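Novice:
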Amino acid sequence: MGLLTEAQAQAFREKGYLTVPPALSGAEVEEMREGLERVMLDRSAARPELLRNLHGGDLYHEEPDGTRVFNSAVVVQIVNIWEADEVYFRHLYHPAITQMASELIGHPHLRVWHDQIQYKPPMVGSQTGWHQDFPAWPVLSPPDLVTAWVALDDVTLANGCMRMVPGSHRWGESPGLGSGEDFAPRYDPSRIPEGAEVKVEPVEVRAGECSFHHCLTWHGSDINRSDRPRRAIAVHYMPAYTRFDPRGHHAIEHLMEVKPGEILKGTYFPDVYNQGPLTPPAFPFK
Ligand SMILES: O=C(O)CCC(=O)C(=O)O
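As structure tokens, this is what we get:
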């Protein structure tokens, strides 16, 4: 039996994204916040692949009294936090999330491409510009991946919730949404498919709720103007037929153990769902 109703599956097919009720309990969210803190303080079992300011430059500066303070215009991006901390490793295998991702992708066998934290600190958290995910991954094909994005804080317009352009996953790899000052998408209408409407829907969710999006859906998130953090973990799931197709480069390409044209699998691209949820093996990076 499916976890999603036909109406939910249909909404995803139409809009390219879908929000579902809490996948994580309050205690699980807290555990993940603590795991994030460990990784950021370099107290975790291992290191992630990337921990950086998405906008370049340093994440922090030091005050005269020695305290470490976030710089302005910061988005903390951590890629493959699952390699660093067991809480995030287990999260890849979340039974309900993987099952829903499998239903939305329409394939019974899933692997993880990579995960990603985006943390916008209070007041200084910056924008994540309008983008489609798939063009940023020019080493994979076909574009059938789905992301499960789980909020680790209540996320509203004030602290930089995700915003989606409904239906844009059906535009293919399309050029051209830029971000204006007010974060309204700016675009050249001649580059948008005829008849397509560029509408924006904010995705305000509570901590623990999950929003799924297709890898061709245009999305982004504005700055955090609030005094609350905005933390989220996204896991990018791929159907097991996804291949290594190098047309460009990617930051985790060095983890690939397969040749061009082959199915992408191996230690760093774990199988997490096959006809049903898989049990996580022992954490490999202790
Ligand atoms: O967390 C955000 O605001 C952006 C995340 C994102 O772009 C993604 O998960 O694909």
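Here the working numbering = 1-based position in the sequence shown + 67.
Cβ atoms here follow ideal geometry from the backbone N, Cα and C, with glycine treated the same way.
Small disclaimer: the values here were computed from a predicted structure and weren't measured.
(1) Per the DSSP calculation, Val272 is bridged to which residue(s)?
(2) Could you tell me which of Pro348, Arg135, Met107, Pro256 sits nearest to Ile184, measuring between CA atoms?
(3) Taking only three categories from DSSP, how would you classify Tyr335?
(4) Helix, strand or coil for Met44? Go by DSSP, reduced to three states.
(5) CB-CB under 6 Å to Ala301, same chain, minus the five flanking residues each way: which ones, in chain order?
(6) Assuming the contact rule is C-beta atoms closer than 8 Å, Gln199 and Leu71 should be a hit. Round their C-beta distance to whole Å, please.
(7) Give the DSSP-derived three-state secondary structure of Ser92 in the structure shown.
(8) Would you call the stretch 82–102 and the stretch 264–280 in contact, with 3 or more CB pairs under 8 Å?
(9) Are the Cβ atoms of Ser257 and Val191 separated by less than 7 Å?
(10) Helix, strand or coil for Gln194 per DSSP?
(11) Whose C-beta lies closer than 6 Å to the C-beta of Asn341 among residues of the same chain, with five residues either side of it excluded?
(12) Between His122 and Tyr254, what straight-line distance do the alpha-carbon atoms span, to the nearest angstrom?
(13) Indicate the three-state DSSP secondary structure (helix, strand or coil) for Met107 in the structure shown.
Specialist: In short, the structure shows the following:
(1) Counted from its first residue, the sequence shown places residue 272 at position 205. DSSP lists Val222 as partners of Val272.
(2) Here residue 184 is taken as the residue at index 117 of the sequence shown, counted from 1. Out of Pro348, Arg135, Met107, Pro256, Met107 has the C-alpha closest to the C-alpha of Ile184.
(3) Residue 335 sits at position 268 when you count from the first residue of the sequence shown. In the structure shown, Tyr335 sits in coil (DSSP, three-state: anything other than H, G, I, E or B).
(4) Nothing in the structure corresponds to residue 44, since the chain is present only between 68 and 353.
(5) Start at 1 with the first residue of the sequence shown, and residue 301 comes out as number 234. Excluding sequence neighbours, Ala301 sits near Gln183, Thr214, Trp216.
(6) Position 132 of the sequence shown holds residue 199. Position 4 of the sequence shown holds residue 71. Actually they do not touch by this definition, with Cβ atoms about 23 Å apart.
(7) Along the sequence shown, read from residue 1 onward, the residue named residue 92 stands at position 25. It is coil, neither helix nor strand.
(8) yes
(9) For the purposes of this step, residue 257 is taken as the residue at position 190 of the sequence shown. For the purposes of this step, residue 191 is taken as the residue at position 124 of the sequence shown. No. Outside cutoff.
(10) Counting from 1 along the sequence shown, the entry for residue 194 is found at position 127. Coil, per DSSP.
(11) Reading the sequence shown from its first residue, position 274 is the one you call residue 341. Within the same chain, Asn341 has close Cβ partners His176.
(12) Position 55 of the sequence shown, counted from the first residue, corresponds to residue 122. Position 187 of the sequence shown, counted from the first residue, corresponds to residue 254. Going from the Cα of His122 to the Cα of Tyr254 covers about 22 Å.
(13) Within the sequence shown, residue 107 is the residue found at index 40, counting from 1. In this structure, Met107 counts as helix in the three-state DSSP scheme.
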